[in-house]
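Trainee:
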Amino acid sequence: MADSIDQLRESFAEETRDLINELESVLLSIDNAAVSADVIDQIFRNVHTIKGSGGMLGFEKVLAVTHDLEDIYDKVRSGNLSFSVGLKDISLETIDILKVLLQNKEQLGSHDLIRFEDLCRRIHMFHVDKDTSDDTSASVLVPETSSGSISTYYIEFESGKNNPENLSHPIYLFNELALMGSYIVFSKSGNNIRMNDLQEADQLASWKMILSTNEDIASIEEVFGWVKDDFNIEISELIKGNLLGIEEAKHDFEKIKDNIFKLNFGNIKEIANKYEEDLANEALAEETSKKDKVLAEAQTSTAASNSIKSIRVTTDKIDHLMNLVSEMVTLQAQLNLMAQKSGDSELVGVAEKYGSLSRQLRDNAFTISLVPFGITITRFKRMVHDLSEQLNKQIDFVAEGEDTVLDKKIIEQLTDPIMHILRNSVDHGVEMPDVRVANGKSAMGKVIMKIYHQSNNVIIKIIDDGRGIDVEEIRKIGIKKKLIAKDMTYTDDEIINLIFLPGFSSAKTVSNISGRGVGLDVVKKNISEIRGSISISTELGKGSVFTIKLPLTLSIIDGLQVRIDQRDFIIPLFQVSKIHTLDNFQKQEALNQFMIIEGNQVPYFDLREDFCLGGTAPERREIVLAGYENEKVALIVDSVVGENQTVLKPLGSHFKNQDYISGGTILGDGSVALVLDVNKIVTEFSKK
Amino acid sequence: MEELFQTYLTFSLGKENFAINVEHVEKILESQPVTEVPKAPEYMLGVFNLRGEVIPLVDTRIKFGMEKTVITTSTCILVITINNDGETLKLGAMVDSVNEVVKYDNADIISLPTVGKQNKAEFLHGVLKLAEKFVLLVNADKIFSVDEIIELRADNFELEGK
Chain B
48 MADSIDQLRE
58 SFAEETRDLI
68 NELESVLLSI
78 DNAAVSADVI
88 DQIFRNVHTI
98 KGSGGMLGFE
108 KVLAVTHDLE
118 DIYDKVRSGN
128 LSFSVGLKDI
138 SLETIDILKV
148 LLQNKEQLGS
158 HDLIRFEDLC
168 RRIHMFHVDK
178 DTSDDTSASV
188 LVPETSSGSI
198 STYYIEFESG
208 KNNPENLSHP
218 IYLFNELALM
228 GSYIVFSKSG
238 NNIRMNDLQE
248 ADQLASWKMI
258 LSTNEDIASI
268 EEVFGWVKDD
278 FNIEISELIK
288 GNLLGIEEAK
298 HDFEKIKDNI
308 FKLNFGNIKE
318 IANKYEEDLA
328 NEALAEETSK
338 KDKVLAEAQT
348 STAASNSIKS
358 IRVTTDKIDH
368 LMNLVSEMVT
378 LQAQLNLMAQ
388 KSGDSELVGV
398 AEKYGSLSRQ
408 LRDNAFTISL
418 VPFGITITRF
428 KRMVHDLSEQ
438 LNKQIDFVAE
448 GEDTVLDKKI
458 IEQLTDPIMH
468 ILRNSVDHGV
478 EMPDVRVANG
488 KSAMGKVIMK
498 IYHQSNNVII
508 KIIDDGRGID
518 VEEIRKIGIK
528 KKLIAKDMTY
538 TDDEIINLIF
548 LPGFSSAKTV
558 SNISGRGVGL
568 DVVKKNISEI
578 RGSISISTEL
588 GKGSVFTIKL
598 PLTLSIIDGL
608 QVRIDQRDFI
618 IPLFQVSKIH
628 TLDNFQKQEA
638 LNQFMIIEGN
648 QVPYFDLRED
658 FCLGGTAPER
668 REIVLAGYEN
678 EKVALIVDSV
688 VGENQTVLKP
698 LGSHFKNQDY
708 ISGGTILGDG
718 SVALVLDVNK
728 IVTEFSKK
Chain R
713 MEELFQTYLT
723 FSLGKENFAI
733 NVEHVEKILE
743 SQPVTEVPKA
753 PEYMLGVFNL
763 RGEVIPLVDT
773 RIKFGMEKTV
783 ITTSTCILVI
793 TINNDGETLK
803 LGAMVDSVNE
813 VVKYDNADII
823 SLPTVGKQNK
833 AEFLHGVLKL
843 AEKFVLLVNA
853 DKIFSVDEII
863 ELRADNFELE
873 GK
């Protein structure tokens, strides 16, 4: 019997923890939205459940602390009391105490006991003199956010003539743009190109495109991000609205396809303008339907909250599923090979269908291991809430895109860096209310965290409207710390990025400058460990934006398969920038581990030598130019096989000293290829 | 309470005979295509694909201080799991041949002197005498989790008198 009571208590504690977390996130969400009856109802129900089951199982203190709180919310619910900031704070305190109570099975230390008794008294007081503070009630109306409406853009892009063997393939750009909306592409040859023809057309280097999408120009530019140095790109907004949604407009563009390269932006704009009125009408109609949709959603949401949307599965099970799926994909590749060898067209057909199914299964299985980012957001909200209170600052913290999913392991490793950046934004970014008002800003500062997907990446932006970073200050400190030369000119970007250098931050500089840069090198290191990158943009007096770019998952990487002495290796594609042929000329120029590539001195690593693979190198070898932090390095390999999406598997602690290999992956023929860690290769093999 | 009988799998490396507790053994495979890991210790042969998992492979002969394995038709890979400070590791151990599964009475196990000129006792659970041959019972958790070569030969242990 004793056992079953203990079991009940255990499951009560677990259940209550969930309820408390839910309660906390609901309470924190009240910051920026009007308190609806639904929200109050939910709070009341949560408190009621905790109290009810707590009392039943003899959690006396849980009962005591929730009893009065329940009454208070009952009054708020029936309209006899209005929700106030004071009530919110006291509720949050209750949550903290409840967490301690559950953790320690109600055994409190003297310090916590005082806290507990004090809280009970204050809740009781609150309850007795009910109409405390009506004017601080948090009924703030949220402005309607205009969710990205569709616009039509005109994009011109032309490859630089100097690198015709550039690796980047327009098809990838188009694939990404295709995800954003609908488009028409024109190539110089005069044909408008469809997806399927692109393979043959990839040599064509000059394009014009009309794209209708609800993304903004910045997101389109980001698609071109990694090729922007190699291409001349121009993007301009043609017209608001979904121009390509109109059949006649599409038809018009078809007509001009033959001479589009003689036309300029103005000519195309003329065509677009013809449809201005149609588009305006459409926008109006859409607005109305959107409102209907919101209404309908509101009605269904109550029904949805009662059905089970998710189930809990242990990570072991998911890992096992992943292994089975990877194995299946490998087997499928073998099947494909055999089917083709046999020449039996029926068998080939089946193998292909099976292949496409197993790829879908793999993609699906991988999305299972992804979890919404939202689970950690409560912690961030709480931190911002507590810290701004402590500093007497007023901060409105908004998180957008909490549903964005990514690998659990990434989320775990992201919490610290994000905490750090947020703390910086609250502490040093956002000014005191009086300073803000004096500078013509609203007293309430704003910190926004945006999370969204962009192709195979997750982007996290942390935006504040604080004082920004003073580039001049950074420059001075950079010179003082000998991070930059006095007499050289640097771009503002280069200067700002100094704050990510290990030598930049120290206790002393914190007080000298705005304080930014405290340990940002650690943030950068943590993020690069999960194959992400961080950048910052800032405007003095207006605020700063930190942008973190991450892979969707740690276990799948896009790789470049290369061969050295009959062995296969994978280089992560995100680090690869170009592939060159190693000719004799470059070999002769090579000196002191440097070679001249495109007029630049680049350190090189002959992997055949560095890995002590022996054998004789073939006459014709290739160089993979890879990014190492902000530098480029050249890796010499025998040959490049091609691109490969791979499932990264750790090699385990037996190879802990070979950390320039980040893992293994299973190729189509069932053999294992090793995945290289470019950063570690550079540090390991530069020593000698 | 410790069980009175333990089940062991015996295997040979050259003339030497060893045994490993069957609890560790997950599978026995014939030799597999292996991918070498550059600059790894000599006894780490590389990694191989075990049904979608990437598993490290140890040349047990080198690991136990002998010449490296020459692969023959009787060469086998024991897929074993070991416990290293609470972490479970899976690895392949290449051996010259796998012999038999046997049950021993714990009382038959000759324990080793814990002092000696080259004390390797911690890597063994004990020694058995079977058909006038000594069989070393390896402590798989220990021996496969250290990064060294551990010389293990029956005549290293002054067993003749027992």
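One line per chain: the protein sequences are B and R, in this order.
Residues in the first sequence are numbered consecutively from 48, following the numbering used here.
Residues in the second sequence are numbered consecutively from 713, following the numbering used here.
Backbone N, C-alpha and C fix where the C-beta goes; we use that ideal spot for every residue, glycine too.
1. Go through its chain and collect everything with a Cβ distance to Q379 of chain B's Cβ below 7 Å, but skip five positions before and after it.
2. Note down, in chain order, every chain B residue with its Cβ under 8 Å from the Cβ of R763 of chain R.
3. Counting C-beta neighbours from all protein chains within 10 Å, is the total for D512 of chain B 16 or more, i.e. buried, or is it exposed?
4. Compute the Euclidean distance between the alpha carbons of E863 of chain R and V847 of chain R, then round it to the nearest angstrom.
5. Which partner residues does M496 of chain B have in the DSSP bridge list?
6. Measuring only between beta-carbons, confirm whether G717 of chain B sits less than 8 Å from chain R.
7. For the beta strand (DSSP E) that M756 of chain R lies in, which residues bound it at each end?
8. Spell out a yes or no on whether the segment 723 to 732 of chain R and the segment 834 to 851 of chain R are touching, meaning 3 or more CB-CB pairs, one atom from each, closer than 8 Å.
9. Could you give the first and the last residue of the continuous alpha helix (DSSP H) run that contains H475 of chain B?
10. Within 8 Å of any Cβ in chain R, is that where the Cβ of Q407 of chain B sits?
11. Here's the rule: buried if 16 or more other CB atoms are within 10 angstroms of the residue's CB, otherwise exposed. What is I358 of chain B?
12. Can you check DSSP and say which residues form a bridge with C788 of chain R?
13. For E212 of chain B, decide whether its Cβ has a neighbour in chain R, counting only Cβ atoms nearer than 8 Å.
14. Any chance you could list the beta strand (DSSP E) runs of at least 3 consecutive residues sitting entirely within the segment 579 to 648 of chain B, in chain order?
15. Is there a Cβ from chain B that is less than 8 Å from the Cβ of K751 of chain R?
16. Between which two residues does the beta strand (DSSP E) carrying E728 of chain R extend?
17. Between G715 of chain B and M375 of chain B, what straight-line distance do the alpha-carbon atoms span, to the nearest angstrom?
18. Classify R409 of chain B as buried or exposed, calling it buried when 16 or more other Cβ atoms lie within 10 Å of its own Cβ.
19. Alpha carbon to alpha carbon, what distance is there between Y675 of chain B and N726 of chain B?
20. Which term fits N320 of chain B, buried or exposed, when burial requires 16 or more other beta carbons within 10 angstroms of its beta carbon?
21. How would you call I231 of chain B, buried or exposed, if buried means at least 16 neighbouring beta carbons within 10 angstroms?
22. So, at 7 Å on beta carbons, what are the nonlocal neighbours of A296 of chain B in its own chain, with the 5 sequence-adjacent residues on each side left out?
23. When the Cα atoms are used, what is the spatial distance from E731 of chain B to V671 of chain B?
24. Which full runs of the beta strand (DSSP E) of 3+ residues lie inside the segment 654 to 679 of chain B, going along the chain?
25. Label A265 of chain B either buried or exposed according to how many other C-beta atoms from any shown protein chain fall within 10 Å of its C-beta, with 16 as the threshold for buried.
26. If contact means a Cβ-Cβ distance below 9 Å, which residues of the segment 652 to 678 of chain B contact chain R?
27. For a contact defined as C-beta to C-beta under 9 Å, what are the partners of M756 of chain R on chain B?
28. Check the Cβ of K696 of chain B against every Cβ in chain R and list those closer than 8 Å, keeping chain order.
29. Exposed or buried, R712 of chain R, counting other C-beta atoms within 10 Å across all chains shown (16 or more means buried)?
30. Quick one: Cα of T260 of chain B to Cα of I415 of chain B, how far?
31. DSSP puts G711 of chain B in a beta bridge; with which residues?
32. By Cβ distance, which residues of its chain are closer than 7 Å to I365 of chain B, with the 5 residues on each side in sequence left out?
33. Decide if A805 of chain R is buried, meaning its Cβ has at least 16 other Cβ atoms within 10 Å, or exposed.
34. As a quick exercise: from B:Q613, B:K625, B:D605 and B:A332, pick the residue whose alpha carbon is nearest that of P619 of chain B.
35. So what does I47 of chain B bridge to, in DSSP terms?
Mentor: Inspection of the coordinates gives the following:
1. Same-chain partners within the cutoff: Y401, G402 and S405.
2. Contact note: R763 of chain R reaches chain B through N370 and E374, using a C-beta cutoff of 8 Å and chain order.
3. buried
4. 15 Å
5. B:A446 and B:I509
6. yes
7. Here the beta strand (DSSP E) through M756 of chain R covers M756 to L762.
8. yes
9. From DSSP, H475 of chain B is part of no alpha helix (DSSP H); its letter is neither H nor E.
10. no
11. Classification for I358 of chain B: exposed.
12. R:E742 and R:V807
13. Here the model assigns E212 of chain B a pLDDT of 46, short of 50, so the residue's position is not dependable, and the following value carries that caveat. Taking 8 Å as the CB threshold, E212 of chain B stays off the interface with chain R.
14. Correct list: 580 to 586, 590 to 598, 603 to 611, 614 to 619, 623 to 629 and 641 to 644.
15. yes
16. It spans E728 to N733 - the beta strand (DSSP E) in which E728 of chain R sits, taken as one unbroken run.
17. 11 Å
18. Flag for R409 of chain B reads buried.
19. 6 Å
20. exposed
21. buried
22. L290 and Y322
23. 18 Å
24. 668 to 675
25. exposed
26. L654, D657, F658, C659 and L660
27. H701, F702 and Q705
28. E765 and V766
29. This structure gives no information on residue 712 of chain R, because the portion of chain R shown stretches from 713 to 874.
30. 28 Å
31. B:K696 and B:L721
32. I415 and S416
33. buried
34. B:D605
35. Nothing in the structure corresponds to residue 47 of chain B, since chain B is present only between 48 and 735.
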